[in-house]
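Notes to accompany the following structure.
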Amino acid sequence: MAHLLSALAISPPDSSPSTSQYSLSIFQRFENPNIFASNSMIRCLAKSQTPQNSFLLYKSMHQNVYCQPNNYTFPFVLQACSKLLGTREGPQIHNHVVKLGFTKDVYIKNSLINFYSVCGQIQSSRQVFDENPQCSDIVTWNAILASYARDKQLDIAEQLFGEMPEKDVISWSTLIVGYVQGGKLEKGLDCFREMKVKGLIPNEAIFVTVLSASAQMGLLEHGKLVHSTMKTSNCRMTVPLRTALIDMYAKCGCIEMSRQLFDEMRQRDVWSWNVMICGLATHGLGKEALELFERFTKEGRRPVNVTFVGVLNACGRAGLVNEGRQYFKLMTEVYGIEPEMEHYGCIVDLLGRAGFVEEALQLVENMTIQPDPVLWGTLLGACKVHGQVELGEKLGRKLIEMDPKHDGHYVLLANIYAKARKWEDVVRVRRLMVDRGNNKIAGWSLIEAQGEVHRFIVGDREHKHSLEIYKMLNVIDRRLAEAGYSPDVSPVLHDIGKEEKENAIRVHSERLAIAFGLLVTQVGDCIRIVKNLRVCEDCHLVCKMISKIFEQEIIVRDGSRFHHFKVGNCSCHDYW
DNA sequence: GTAGGGTTAG
């Protein structure tokens, strides 16, 4: 019987919720389970959906004088505590460890460090690390490294990394993941480069993470480099890795490559479907995204919250208002998914753009969660597009009250007044902004060339080829003028003259990046730009014209979507 | 016969 139990208890960790139930039902028939059976059961429960049961079984064992926990028991039960985030249970176990004299056991020590780390108790984690330093091994160091990385104390993590007596690939992985999750994307990529120079072979976690970093930054060349490193290092193409590649290509503008990799997959998980659906949506391929979603559900699979962010976005990009309403209903009523801020963002954007501002307002006012400033901003944007001055004014005031330091709100409100030709109000709001606001997000655009990242801000003169770039800008201006272009200065509302306004637009960061792009590429080549903010109407028009005049496709990833400019047209159909 | 550290999507 004991033999049967152990076989069950160590069977695949919780492939179905009933696995642990079944094991437990057999375990409970034992009158006096031995230590091995009990440990196996605790392990099985720790890996199940109900780790609290693992803790409960441990407690009953602890009270049983005939079968006391041993050194194997603690790593299992601590794993359960970590999964539970059991800040009450974990320290109890820690006490038992001390009382039973297991503090010098390196496995238990490492489990404790990890437990405190995932519970965010970095001091306790450090304390366990510092005790019995002679009982540390490489895993101990990796665990404390991960603790600081999780806590976003990257300076300390970096320092520890330097002090480690030895490093393995998991040490590198922990540091790289720490950088990327802590938003230090460039540092993560530097670290990846460094380990490759040292001749170390990256593992799956590292590849997934650096692909995510490349994707977030929109660095196609770098992403491709990672892809080829994966091929040469003969790494196994797992589902998460293929999914990370699909996401990277989509976020770096190569939606075709992304789709091809998706179609070639023999097995997919919900992440694979999600990144593909979201990717198609941000490229304005709403119809394809919705087709994919339908295929997904027809396969009998269950969408999750993120799936619907993609679906609702797809409806928004394609202007499918009725479908958007229906999918929102499907999500909440059929799948029982609670809408999150992102879902509201999509649906409010969709309704607002299509002119159903009142309906969008109703939705926001009846939300189950507290709307955030971004959501109110979306609604305010809709007021601007549809000239709803009165409501816009009300919302603008509210928004400025909520978040008085944010310049964007003042600008939006001023734009609404400008559209209504209420110039005195425009001036008033802009003065208010100068007095009270100051949180302006600095706009930038970047372009990759010859493996280097070139980042520009408005009016940038820092680039080493600045002179050539500005000469190119003149060439562009001349050819644009020949093609009949005259700048639309309405988005620039500063109290300045027309000529200055023209100049302010002329040196928008994307223009500089495109000028540089034209210098370093050939006719027929694609110019890829990534920018953090949304592209303004004038630059959008200019991009369309440049794509035609210079016979080069331009792909711009802006703060919320992709624009593919080709022979004078944009994939967004001027709807963004 | 049982044990510890790193991974992806809005």
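Heads up: the first sequence begins at 1 in UniProt numbering, then just goes up one per residue. The beta carbon of each residue, even a glycine, is placed where N, CA and C say it ideally should be.
Same chain only: Cβ atoms within 6 Å of Q79, ignoring 5 sequence neighbours per side: Closer than 6 Å at Cβ, skipping near neighbours: A46.
Report the CB separation of L412 from G396 in whole angstroms; it is logged as a contact under 8 Å. Contact holds; Cβ gap of about 6 Å.
Please state whether DSSP places W444 in a helix, a strand or coil. DSSP places W444 within a strand segment (E or B) once states are collapsed to three.
Apart from the five residues just before and just after residue 594, which ones in its own chain have a Cβ nearer than 7 Å to its Cβ? This structure cannot speak to residue 594, because the chain is shown only from 1 to 576.
What would DSSP say about R193, mapped onto helix, strand or coil? It is helical.
Suppose you measure from the CA of I246 to the CA of D137; what does that come to, to the nearest Å? As the crow flies, the alpha-carbon of I246 is around 37 Å from that of D137.
Reduced DSSP secondary structure (H/G/I, E/B, other) of E553: Coil, per DSSP.
Three or more C-beta pairs under 8 Å: does that hold for the stretch 469-478 against the stretch 524-541? No, because fewer than three Cβ pairs between the stretch 469-478 and the stretch 524-541 fall closer than 8 Å, the two stretches do not touch.
Buried or exposed: which applies to I441, given that a residue is buried once 16 or more other Cβ atoms fall within 10 Å of its Cβ? It counts as exposed.
Considering only their Cβ atoms, is the gap separating L379 from L361 smaller than 9 Å? It is a contact, given that the beta carbons lie within the stated cut-off.
C278 versus R259: straight-line alpha-carbon distance, rounded: Their Cα atoms are separated by approximately 12 Å.
Output the boundary residues of the beta strand (DSSP E) element that contains I529. In the DSSP annotation of this structure, the continuous segment of the beta strand (DSSP E) that includes I529 starts and ends at 527-531.
Taking the runs of the alpha helix (DSSP H) that are 4 residues or longer, which of them lie wholly in the stretch 380-408? Taken in chain order, the complete alpha helix (DSSP H) segments of 4 residues or longer contained in the stretch 380-408 are 389-402.
4 or more residues per run - each alpha helix (DSSP H) lying fully within the stretch 154-226: The qualifying runs are 154-163, 169-181, 185-197, 204-217.
DSSP three-state label for H283, please. The three-state secondary structure of H283, taken from DSSP, is coil.
On the CB-based measure, 16 or more other CB atoms within 10 Å of its CB, does D525 come out buried or exposed? Exposed is the label assigned to D525, since fewer than 16 other Cβ atoms lie within 10 Å of its Cβ.
Mark L261 as exposed unless 16 or more other C-beta atoms lie within 10 angstroms of its C-beta, in which case mark it buried. Label assigned to L261: buried.
What is the residue span of the alpha helix (DSSP H) that F565 lies within? Per DSSP, F565 lies in no alpha helix (DSSP H) segment; the continuous beta strand (DSSP E) that holds it begins and ends at 562-566.
Assumed close pair G381, G352 - CB separation to whole angstroms, cut-off 8 Å: With 8 Å as the limit, G381 and G352 qualify as a contact, their Cβ atoms being about 7 Å apart.
Can you grab the Cα-Cα spacing for the pair E462 / Q134, in whole Å? Their Cα atoms are separated by approximately 52 Å.
If you follow the beta strand (DSSP E) that H454 is part of, which residue opens it and which one closes it? Start and end: 452-457.
Out of curiosity, what's the CA-to-CA distance linking N132 and S117? The straight-line gap from Cα to Cα measures roughly 18 Å.
Using the rule of at least 16 other Cβ atoms within 10 Å of the residue's Cβ for burial, across every protein chain shown, is A515 buried or exposed? Counting C-beta atoms within 10 angstroms of its own C-beta, A515 has 16 or more neighbours from the protein chains shown and is therefore classed as buried.
Mark L5 as exposed unless 16 or more other C-beta atoms lie within 10 angstroms of its C-beta, in which case mark it buried. Caution applies to L5, whose pLDDT of 39 falls short of 50 and renders its modelled position unreliable; the value that the coordinates give is listed next. Buried, by the Cβ-count rule.
Quick one, which of S445, F550, V523 has its alpha-carbon nearest V507's? Taking each of S445, F550, V523 in turn and checking the Cα distance to V507, the smallest one comes out for S445.
Using 8 Å as the cut-off, can you tell me whether the stretch 540-553 makes contact with the stretch 561-571, which would need three or more C-beta pairs spanning the two stretches below that distance? Touching, yes, given that three or more Cβ pairs across the two stretches are closer than 8 Å.
Going by the DSSP bridge assignment, what does A449 pair with across the sheet? Checking the DSSP bridge columns, you'll see A449 partnered with E452.
Give me, in chain order, the residues of the same chain whose beta-carbon lies closer than 6 Å to that of V453; leave out the 5 immediate sequence neighbours on both sides. Only L446 meet the Cβ criterion.
Taking the alpha-carbon positions, what's the E340 to N110 distance? If you take the alpha carbons of E340 and N110, they lie about 37 Å apart.
On the premise that T87 lies in contact with C119, defined as a C-beta separation below 8 Å, what is that separation, rounded to the nearest angstrom? Cβ-Cβ separation between C119 and T87: approximately 5 Å, consistent with a contact (criterion under 8 Å).
Sequence-distant residues of its chain with Cβ nearer than 7 Å to G178 (five each side left out): Excluding positions up to five away in sequence, the list reads A149, L154, A157.
Inter-residue spacing [alpha-carbon to alpha-carbon] between I42 and V128: Going by the C-alpha atoms only, they are around 23 Å apart.
Which residue comes first and which comes last in the alpha helix (DSSP H) that contains Q127? Taken as a continuous stretch (DSSP letters only), the alpha helix (DSSP H) holding Q127 covers 122-130.
Nearest-angstrom Cα distance between G336 and V304? Taking the straight line from one Cα to the other gives about 10 Å.
Which of the three DSSP states is assigned to N439 in this structure? Three-state DSSP puts N439 in a strand.
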